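Enquirer: Here my numbering is used: the first residue of the sequence shown is 20, the next is one more, and so on. All C-beta atoms in this analysis are idealised placements derived from N, C-alpha and C, irrespective of residue type, glycine included. These numbers were taken from a predicted model, which means no experiment stands behind them.
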Amino acid sequence: MNSKRSSSPKSAAIISGNEDLLIELLSFFPASTLIRFQLVSKQWHSLISAPSFRRLHTLRHCHRKPQPSFILRPTFPSTTSHEFFYFRPTVKKLIPFSFRFPSVKILQSCNGLLLLETKNTQYGRKIYYICNPTTMQYRNVMIGRTSCERLCLVFDPSKSPHYKVIRFMTKGTARPGREYTIDVYASETHTWNNWGKRRLTNWRFNNAVYWNGGMYFIRPSGNSYCFYLQEIAGVDERIDRPPWTCCKGMRQNYAMESNGHLHSISLSVRPDKNYLSVFEMNKEDRSWFMKYRVDINPIAHLFAVKFPVVGSVLGIVRGDREEDSTFLFHEPGKIILYRFYEESFEVLVDFTTEDYYEEGRVQFDFNDVYQFIETLAPV
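Structure, rendered in structure tokens:
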């Protein structure tokens, strides 16, 4: 009995003394756990924070599909002292969250990294950062003073531990058919490379979503495009617009990616006719097909929501199994999880007693919700 007890400290000492073995063991833990492990000792902090370990961990976990987390920005910031909230569905709690810089605007979220915009003064020059919200590391992406129409973040850890930033620039006011200079920032060298010029007809740089090797700009009406990154130059292609139908009561249309699936979502809100339509893009021919159609009337009736329903879609979470796929819906004071397979729903968070709750108004809009996967990926 005593020999068994005494063997534990010896085993711990052996592991601690063998750095290669310790790195191998630590690399199997999830990112959020390793952030806490950094407090164990100076040695563990040094190992876990090393860029080489973080790249190893990113590559080792790139094919695993952890439950995503969310960063939410209040639609009406004046009602709360918190600029952002962190939300993880499994925790069922909104946690105040802040960045290192004031007045941050999140431009895009891509597989665990964020593209941020801020200003050095209220009316000053825009400054851009890549941020890992799990490790709270930042990287300043210098863009100069040329007029920048759009920045896009590309990060796919299943292909590379490095990320890219695409910059679409034009002189003067951007308009359809104008010639754009396209530059690409590579994180492995921290430098910009020019990819030439391209005349982009009827492009609108909105609803940017990275999926299946390309940056998709999805529009509810008009033309939608995809920009593919290749070794020498980018290739842009027109794609079919989502099969959204404009009708009375149609709310904001959404485009979002989850677990390797690209979706377009429309929310129809009419008295006793409240539906969520989810379309998915086919990887083979990039056509759209109906994936889910959800009747949200039971949710409205259960919580005595007045018509038309006031609410917003926060995100879709696709699981490895069909029965694990869900979507998050927000109506004033609550965040609700709906399970597609079971056709059931659950209130994850009720914040009707918080100071930022206001009856009859949504606290979080889809455009201010950013889904990310916790990762140690270095920036």
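For L58, report the span of its beta strand (DSSP E) as first-last.
Expert: No beta strand (DSSP E) contains L58, which DSSP labels as neither H nor E.
Enquirer: Measuring alpha carbon to alpha carbon, tell me which residue in E393, S277, T371, T394 is nearest E341.
Expert: Minimum Cα distance to E341 is reached at S277.
Enquirer: The alpha helix (DSSP H) that contains D77, what's its start and end?
Expert: It should be pointed out that residue 77 corresponds to Thr in this sequence rather than to Asp. From DSSP, the alpha helix (DSSP H) with T77 extends over 70-79.
Enquirer: Taking 6 Å as the limit between beta carbons, can you name the residues of its chain near V398, skipping five residues before and five after?
Expert: I149, N151, Q156, R158
Enquirer: D39 to E393, Cα distance in whole Å?
Expert: 24 Å
Enquirer: List the DSSP bridge partners of D202.
Expert: Paired residue(s): R186, N213.
Enquirer: Anyone know if the C-beta pair for L395 and F47 falls short of 9 Å?
Expert: no
Enquirer: Note down, in chain order, each residue of its chain lying with its Cβ closer than 6 Å to the Cβ of S331, except the 5 sequence neighbours on either side.
Expert: H349, V381, D384, F385
Enquirer: In whole angstroms, give me the CA-to-CA distance for V160 and E168.
Expert: So the alpha carbons of these two residues sit roughly 15 Å apart.
Enquirer: Rank I162, G338, P262 by C-alpha distance to the C-alpha of R238 and give the top, closest one.
Expert: P262
Enquirer: With a cut-off of 9 Å, does the C-beta of F385 fall near any C-beta of chain D?
Expert: Reference to chain D is not applicable here, since this structure consists of a single protein chain.
Enquirer: L113 and I354: beta carbons closer than 9 Å?
Expert: yes
Enquirer: Using the rule of at least 16 other Cβ atoms within 10 Å of the residue's Cβ for burial, across every protein chain shown, is P70 buried or exposed?
Expert: Under this definition P70 is an exposed residue.
Enquirer: Measure the C-alpha to C-alpha separation of K216 and Q127 and round it to an integer number of angstroms.
Expert: 24 Å
Enquirer: Per DSSP, what are the beta-bridge partners of F106 in this structure?
Expert: F89, L113, per the DSSP bridge assignment.
Enquirer: Taking contact to mean 3 or more Cβ pairs, one atom from each stretch, closer than 8 Å, check whether the stretch 226-238 and the stretch 200-209 are in contact.
Expert: Output reads no: the stretch 200-209 does not touch the stretch 226-238.
Enquirer: For R337, count neighbouring C-beta atoms within 10 Å of its own C-beta (all shown protein chains included) and say buried if the count is 16 or more, exposed if not.
Expert: buried
Enquirer: Applying the criterion that 16 or more other CB atoms from any shown protein chain within 10 Å of the CB defines a buried residue, is R144 buried or exposed?
Expert: With fewer than 16 other Cβ atoms within 10 Å, it is exposed.
Enquirer: Closer than 6 Å by C-beta to K404: which residues in its own chain qualify, once you throw out the five before and the five after it? Chain order, please.
Expert: Beyond the ends of the chain as shown, which are 20 and 398, falls residue 404; an answer cannot be given.
Enquirer: Using only alpha-carbon positions, find the residue among P49, S122, L286, C81 that is nearest to T153.
Expert: It is P49.
Enquirer: Could you check what DSSP says for I237 in three-state terms: helix, strand or coil?
Expert: Shown here, I237 sits in coil according to DSSP, grouped into three states, outside any helix or strand.
Enquirer: Tell me whether H80 is buried or exposed, calling it buried when 16 or more other Cβ atoms sit within 10 Å of its Cβ.
Expert: buried
Enquirer: Just mark P115 as buried or exposed, buried being the case when its beta carbon has 16 or more other beta carbons within 10 Å.
Expert: Exposed, since its Cβ has fewer than 16 Cβ neighbours within 10 Å.
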